Amino acid sequence: MKVLDFPDRETPWGLASERTAGEYVSFSAISTPWRELEFRQLQLVWAGSSREAELVERFNELADTWERETRAESFAHRRSMHPSYQQIIGLGEPAIGPILQRMRAKRGGHWFWALHALTGQDAAVGLTKPSEARNAWLRWGVDHGYLTPLDS
Amino acid sequence: MTTDTSRRLIPDPPSDVAAEQHALLDQLPHLVDALYGTDYTIESCSTDDYNCLAWAMGDCSQPWSPSLQGGYYWPPDLVVGLPVVEVVAELFRRDGYAECGDSGLVAGAEKVAIYADSFREVRHVARQLSSGWWASKLGDLGDIEHATLELVECGLYGRVAPDREILLTSDRENSPPLTSMSR
Numbered sequence: 001m002k003v004l005d006f007p008d009r010e011t012p013w014g015l016a017s018e019r020t021a022g023e024y025v026s027f028s029a030i031s032t033p034w035r036e037l038e039f040r041q042l043q044l045v046w047a048g049s050s051r052e053a054e055l056v057e058r059f060n061e062l063a064d065t066w067e068r069e070t071r072a073e074s075f076a077h078r079r080s081m082h083p084s085y086q087q088i089i090g091l092g093e094p095a096i097g098p099i100l101q102r103m104r105a106k107r108g109g110h111w112f113w114a115l116h117a118l119t120g121q122d123a124a125v126g127l128t129k130p131s132e133a134r135n136a137w138l139r140w141g142v143d144h145g146y147l148t149p150l151d152s
Numbered sequence: 153m154t155t156d157t158s159r160r161l162i163p164d165p166p167s168d169v170a171a172e173q174h175a176l177l178d179q180l181p182h183l184v185d186a187l188y189g190t191d192y193t194i195e196s197c198s199t200d201d202y203n204c205l206a207w208a209m210g211d212c213s214q215p216w217s218p219s220l221q222g223g224y225y226w227p228p229d230l231v232v233g234l235p236v237v238e239v240v241a242e243l244f245r246r247d248g249y250a251e252c253g254d255s256g257l258v259a260g261a262e263k264v265a266i267y268a269d270s271f272r273e274v275r276h277v278a279r280q281l282s283s284g285w286w287a288s289k290l291g292d293l294g295d296i297e298h299a300t301l302e303l304v305e306c307g308l309y310g311r312v313a314p315d316r317e318i319l320l321t322s323d324r325e326n327s328p329p330l331t332s333m334s335r
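Line by line, the protein sequences are chains A and B.
If you read the first sequence in our numbering, its first letter stands for residue 1, the second for the next number, and so on.
If you read the second sequence in our numbering, its first letter stands for residue 153, the second for the next number, and so on.
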């Protein structure tokens, strides 16, 4: 039995039109305008997380290609000019978190150019070793809410 | 910005270094086609601690790259942006090198070779060892030894122009083969 005229589309909790009265008891207990508002908010949250998942998936595809095709390059500027790297920069601010997470997970990666382009800052200014520069950027990521500190 | 050094920022290193060496062996032929079936040996694991230019300059502590961002070393009085042959050759001249024009082994002298593309953008640098072979650091991959300069000439690294891009110094002895060096 359908209790609400939800659009018949896939949601993280299944097809909206297949929900039953029992499952929507909490919705039924509140007035219709508020119920509708709450559902709209849920839709927005779901749409937002879906877009985020798509972006992370796209980022990982591009980053895998970039790493595979530039590992033997000698200089930073040639790595940074790779089409996949440029597309990652084109993803804009939402790419900062995935870049920092990948840099931490893989303990590597020449992401300094992209992070500089995306943030307008250089957290590693004056540092000449990649490991030190990565640490500086990871600290920056923690301080700016893009990363959580690991448990010690 | 707060810099609480007590927080751990990077996970522990992967333990399986051997797996990385296998990955390097697997990738090399695809990256440097010229090395197929030829004389070369792999002498180290992948690392981005230094690059080919740093290796040729005798510095394994930091990559040398004309970058505007932190994470690389570049002499502050040299042009940043593209590493063209003239700029990289100037780096070696400051270190006592001069153009010499051929790749033959000279006792008591060390040679470096600059690989460039047709636009004179430097793509790779190699250093001669006391055996007469050449040592190359391949990007973030490991160091290799190769019998001739031509073995590493390819689309990725360009080629060496013998008249201008081989430099020699008598201020420095050739390094021994990498297998006898500790890293």
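Each residue gets a CB set at the ideal place from its N, CA and C atoms; glycine is no exception.
Please read these numbers as outputs of a predicted model, since none were measured by experiment.
Between which two residues does the alpha helix (DSSP H) containing residue i stretch?
i                 : result
Asp229 of chain B : Neither: Asp229 of chain B is in no alpha helix (DSSP H) and is coded neither H nor E.
Asp143 of chain A : 130-143
Ala241 of chain B : 237-246
His77 of chain A  : 76-80
Ala261 of chain B : Counting along the chain, Ala261 of chain B falls outside any alpha helix (DSSP H), and DSSP gives it neither H nor E.
Ala124 of chain A : It is not in any alpha helix (DSSP H) - Ala124 of chain A carries neither H nor E in the DSSP assignment.
Ala299 of chain B : Premise fails: Ala299 of chain B is in no alpha helix (DSSP H) and is neither H nor E.
Gln86 of chain A  : 83-90
Leu100 of chain A : 96-106
What is the DSSP secondary structure of residue i, reduced to helix, strand or coil?
i                 : result
Leu205 of chain B : helix
Ser288 of chain B : strand
Thr119 of chain A : helix
Ala158 of chain A : Residue 158 of chain A cannot be examined here, being either before or after the span of chain A that is shown, 1 to 152.
Glu317 of chain B : coil
Tyr224 of chain B : coil
Trp66 of chain A  : helix
Trp111 of chain A : coil
Gly22 of chain A  : Low confidence applies here, because Gly22 of chain A scores a pLDDT of 43, under 50, leaving its location unreliable; read the following figure in that light. The answer is coil: DSSP assigns Gly22 of chain A none of H, G, I, E or B.
Leu257 of chain B : coil
Glu305 of chain B : coil
When you compare the CB positions of residue i and residue j, do they come within less than 8 Å of one another, or not?
i                 : j                 : result
Leu290 of chain B : Ala117 of chain A : no
Leu100 of chain A : Gly141 of chain A : yes
Thr70 of chain A  : Arg79 of chain A  : yes
Ala136 of chain A : Ala124 of chain A : yes
Asn203 of chain B : Ser74 of chain A  : yes
Asp201 of chain B : Cys212 of chain B : yes
Pro215 of chain B : Ala208 of chain B : no
Trp285 of chain B : His276 of chain B : no
Arg107 of chain A : Ala63 of chain A  : no
What residue does the beta strand (DSSP E) around residue i start on, and which one ends it?
i                 : result
Val274 of chain B : 274-280
Do the segment 247-256 of chain B and the segment 300-319 of chain B touch if we need at least three Cβ pairs shorter than 8 Å?
yes
Decide yes or no for the touch test of the segment 301-312 of chain B against the segment 218-234 of chain B: beta carbon pairs closer than 8 Å, at least 3 of them. no
Contact set between the segment 43-74 of chain A and chain B, restricted to residues whose Cβ is under 7 Å from the partner = Arg71, Ala72, Glu73, Ser74
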